[in-house]
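From first to last, the protein sequence lines are chains A and B. Per my numbering, residue 253 is the first one in the first sequence, and the count goes up by one each step. Per my numbering, residue 7 is the first one in the second sequence, and the count goes up by one each step. Ideal placement from N, C-alpha and C gives every residue a C-beta, glycine not left out. Here's the structure, in structure tokens; my notes come after.
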Amino acid sequence: MRNTFADEFYALGKEDPRLAVIVADISPAGSIAKFREHFPTRFINTGVAEQIMIGLAAGMAMRGLRPFAYTIATFALFRPYEFLRLDLGYQDLPVTVVGIGGGVTYSTLGGTHHAMEDISIAASIPNMQVVAPCDPAETRILTRYLATENRKPTYMRLNKAGEPDLTATAEPFELGRVRYLRRGKDTCLLAYGPIVKQALDVADALEARGESVSVCSVHMIKPLDVEGIVEALKTHKRVVVLEEHVPHGGLTSRVKEVAWDNRASCELKAFTLKDAFIHCYGSHEELLAEHGLGFDAIAASLGISE
Amino acid sequence: MASFDAGESKRRCLEHRLRILEISQLVGALHVAPAFSCLEATDTVYNGLMRRGDDGLFRDIFIMSKGHGCMSQYVILEALGILTKEQMAGYCKPYGCLGAHPDYGVAGIEASTGSLGHGLGIAAGMGHAERLLGRDTAVYCLIGDGEMQEGSIWEAVMMTPNLGLSNLVAILDFNDYQGLGRTTETHPHFMPMAEKVRSFGWEAADVDGHDGAAIYDAITKRRGDKPFFLTCHTIKGKGVSYMENVPIWHYRAPNPEEYRKAVAELKGSLA
Numbered sequence: 253m254r255n256t257f258a259d260e261f262y263a264l265g266k267e268d269p270r271l272a273v274i275v276a277d278i279s280p281a282g283s284i285a286k287f288r289e290h291f292p293t294r295f296i297n298t299g300v301a302e303q304i305m306i307g308l309a310a311g312m313a314m315r316g317l318r319p320f321a322y323t324i325a326t327f328a329l330f331r332p333y334e335f336l337r338l339d340l341g342y343q344d345l346p347v348t349v350v351g352i353g354g355g356v357t358y359s360t361l362g363g364t365h366h367a368m369e370d371i372s373i374a375a376s377i378p379n380m381q382v383v384a385p386c387d388p389a390e391t392r393i394l395t396r397y398l399a400t401e402n403r404k405p406t407y408m409r410l411n412k413a414g415e416p417d418l419t420a421t422a423e424p425f426e427l428g429r430v431r432y433l434r435r436g437k438d439t440c441l442l443a444y445g446p447i448v449k450q451a452l453d454v455a456d457a458l459e460a461r462g463e464s465v466s467v468c469s470v471h472m473i474k475p476l477d478v479e480g481i482v483e484a485l486k487t488h489k490r491v492v493v494l495e496e497h498v499p500h501g502g503l504t505s506r507v508k509e510v511a512w513d514n515r516a517s518c519e520l521k522a523f524t525l526k527d528a529f530i531h532c533y534g535s536h537e538e539l540l541a542e543h544g545l546g547f548d549a550i551a552a553s554l555g556i557s558e
Numbered sequence: 007m008a009s010f011d012a013g014e015s016k017r018r019c020l021e022h023r024l025r026i027l028e029i030s031q032l033v034g035a036l037h038v039a040p041a042f043s044c045l046e047a048t049d050t051v052y053n054g055l056m057r058r059g060d061d062g063l064f065r066d067i068f069i070m071s072k073g074h075g076c077m078s079q080y081v082i083l084e085a086l087g088i089l090t091k092e093q094m095a096g097y098c099k100p101y102g103c104l105g106a107h108p109d110y111g112v113a114g115i116e117a118s119t120g121s122l123g124h125g126l127g128i129a130a131g132m133g134h135a136e137r138l139l140g141r142d143t144a145v146y147c148l149i150g151d152g153e154m155q156e157g158s159i160w161e162a163v164m165m166t167p168n169l170g171l172s173n174l175v176a177i178l179d180f181n182d183y184q185g186l187g188r189t190t191e192t193h194p195h196f197m198p199m200a201e202k203v204r205s206f207g208w209e210a211a212d213v214d215g216h217d218g219a220a221i222y223d224a225i226t227k228r229r230g231d232k233p234f235f236l237t238c239h240t241i242k243g244k245g246v247s248y249m250e251n252v253p254i255w256h257y258r259a260p261n262p263e264e265y266r267k268a269v270a271e272l273k274g275s276l277a
């Protein structure tokens, strides 16, 4: 995802001299190195200083540039939070803050590097959009949109490198709309980010048992496609949210709100990270499992027996 | 180079102070003393330093990073015809657009401030953007001395010379007062500021912050190859004896009797 972001950003930056990137001692590598080399004045490294990363981006946006701020999600969001809130949100500036390592991607680095509640706190800022592509292809589309048409402050959650493409056979991407990767009638799995892969695996298992299953990438969590969520709730017997995020304030909370507001009668289940800092180290998959987001736990809870 | 008339500066600042006091009789929520300490500096930027285009719009930028000093900015913008009398009458009223901290989007206001430590970073981003866009815009940013304690200010102090922003001028309103006491007492090793910012790569100078001509000279005669940091030595509540260096006037509005006394004192001061 981060390499796709870098490739796309470089390609767009060649065309548009207003595009700039401000990093805080973390680089997306790949093509950003080329961007830095070709456009040294549009690549700023603030060092280990995140408040000025956002402040510079705000000032640049106010004079007509299209800045992206980029670092590890925890440091992109939690450390300079009030700068996102006031410089970007209050002033409603077209700045994209890219946080890499969303959720527990940095599985061996501990809680200091986990962004488990990033969606929640970003979405709580008025004016702030929140997007989270599920694969490199969606990363490319969203990067292009944010660099060209977008006029709102936006938090984009990415994971890291090496995620598989999941959307080759999906329905066409429509910005902000719940996107069906496959369409069924019984169960609908809603997710965003690379955990959509887990949703597809769960869908395969459910289909093997004869269920008809939908899988959706909810790539924009704020503003949420409420109409699309309502449709999913009304046209399926069961809706399941899979979210690499704490239980509150993210997609799970929003889907439950929408379900209540719209008198949804389907079964509704959610699998999220725990509301806990877990002191556990291992692979990304191992941490998800420790949080209860592993395939086996989800399968068992949904009544799938191997 | 254009000259700066010291007598005119004094006359304008007297009018500004009287206007602020006049508004203080209409609305209680007012930072009078913090506006009085930075009044000459703000006036000098607007009336001496900032260039206006043929369309009347400023080509240079001023950011009031110590947002609670904005009453000085409002009365100057009014005198310049950028804010209207009607807008001023709506200060802190539901139908108005002016609050006790400046708000981006209002005529003449370049950034929303009020939470301290935001203006200098924004100013640096603007200065860098103007360079990239090929414009010779100068960016002036007024900071409070208590505000200098924010870590974010030091991130900006560090980055501004890295970006080579010689188009940026930071003006410190060193009135030596903050919420709970004198800055030089609560933080005894903090001042002087000039030597600290010089060590970060700035050009720096000190000046009497109530002498408009001195502020003008210090800024226009700077070398100009680095960002410039001007410490203005000021008095909180400057111009009204009972307000000077008395912390309660950070936020209090004078009662009618106090108002009359303040007006009499100010008018007498120019005689």
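Take isoleucine 115 of chain B as the anchor and find which of B:Arg204, B:Arg258, B:Val145 has the nearest alpha-carbon.
B:Val145
Thinking phenylalanine 206 of chain B and proline 253 of chain B are a contact (beta carbons under 8 Å), I'd like their distance in whole angstroms, please.
Contact doesn't hold; Cβ gap of about 31 Å is too wide.
Ignoring anything shorter than 4 residues, give me the alpha helix (DSSP H) runs that lie fully in the stretch 459-489 of chain A, in order along the chain.
478-487
Under DSSP, the beta strand (DSSP E) around proline 155 of chain B begins and ends at which residues?
The identity of residue 155 of chain B in the sequence shown is glutamine, whereas the question assumes proline. It is not in any beta strand (DSSP E) - glutamine 155 of chain B carries neither H nor E in the DSSP assignment.
When burial is assigned at 16 or more other CB atoms within 10 Å of the CB, is leucine 36 of chain B buried or exposed?
buried
Could you give the distance in angstroms between the alpha-carbon of lysine 244 of chain B and the alpha-carbon of serine 15 of chain B?
15 Å
Identified DSSP bridge partners for glycine 62 of chain B:
Looking at the DSSP assignment, glycine 62 of chain B forms no beta bridge with any residue, so it has no partner.
Span separating the alpha-carbon of arginine 318 of chain A from that of proline 346 of chain A:
7 Å
Where the beta strand (DSSP E) containing threonine 536 of chain A begins and where it ends:
Sequence check: residue 536 of chain A is histidine here, not threonine. Where histidine 536 of chain A is concerned, there is no enclosing beta strand (DSSP E), although the alpha helix (DSSP H) it sits in stretches over 536-542.
If we call anything under 8 Å between Cβ atoms a contact, is tyrosine 101 of chain B one with isoleucine 29 of chain B?
no
Of all the options A:Val382, A:Ser466, A:Met253, A:Phe529, which has the alpha carbon lying nearest to the alpha carbon of serine 359 of chain A?
A:Phe529
Per DSSP, cross-strand counterpart(s) of glutamine 381 of chain A:
A:Thr406
What span of residues does the beta strand (DSSP E) with valine 349 of chain A cover, start to end?
348-352
Taking 8 Å as the CB-CB limit, is methionine 7 of chain B close to chain A?
Note that methionine 7 of chain B scores 47 on pLDDT, short of 50, meaning its location in the model is unreliable; the coordinates nonetheless yield the value given after this. Taking Cβ atoms only, chain A never reaches closer than 8 Å to methionine 7 of chain B, which makes this a no.
Any idea if glutamate 479 of chain A is buried or exposed, counting beta-carbon neighbours within 10 angstroms, 16 or more meaning buried?
exposed
Runs of 3 residues minimum, wholly inside the stretch 412-451 of chain A: which ones carry the beta strand (DSSP E) assignment?
431-434, 439-443
Pull the bridge partners of proline 238 of chain A from the DSSP assignment, please.
It is not possible to answer for residue 238 of chain A, since the shown part of chain A is limited to 253 through 558.
Terminal residues of the alpha helix (DSSP H) in which isoleucine 149 of chain B lies:
First-last for isoleucine 149 of chain B: 145-150, but that is the beta strand (DSSP E), not the alpha helix (DSSP H).
Below 8 Å between beta carbons: does that hold for glycine 218 of chain B and cysteine 19 of chain B?
yes
Looking only at its chain, what residues have a beta carbon closer than 8 Å to the beta carbon of glutamate 336 of chain A, apart from the 5 residues adjacent to it on each side?
Reading off the sequence shown, one finds leucine at residue 336 of chain A, where the question assumed glutamate. Ile306, Leu329, Val349, Ala374, Ile377, Met380, Pro405, Tyr407, listed in sequence order.
Examine chain A for any beta-carbon lying closer than 8 Å to the beta-carbon of alanine 129 of chain B, and answer yes or no.
yes
Does tyrosine 110 of chain B come within less than 8 Å of chain A when only Cβ atoms are used?
yes
Taking just the CA atoms, how far does cysteine 76 of chain B sit from arginine 331 of chain A?
28 Å
Can you tell which of A:Asp259, A:Arg288, A:Glu289, A:Asn297 has its C-alpha closest to the C-alpha of glutamate 161 of chain B?
A:Asn297
Terminal residues of the continuous alpha helix (DSSP H) containing cysteine 386 of chain A?
Unbroken run through cysteine 386 of chain A: none, as it is neither H nor E.
For the beta strand (DSSP E) containing histidine 239 of chain B, list its first residue and its last residue.
234-239
Taking Cβ positions, are alanine 41 of chain B and histidine 256 of chain B nearer each other than 8 Å?
no
Inspect the beta-carbon positions of proline 385 of chain A and histidine 497 of chain A and report whether they are closer than 8 Å.
no
In whole angstroms, give me the CA-to-CA distance for glycine 59 of chain B and methionine 253 of chain A.
46 Å
To the nearest whole angstrom, what separates the beta carbons of arginine 288 of chain A and glycine 265 of chain A, a pair I think is in contact under 8 Å?
With 8 Å as the limit, arginine 288 of chain A and glycine 265 of chain A do not qualify as a contact, their Cβ atoms being about 10 Å apart.
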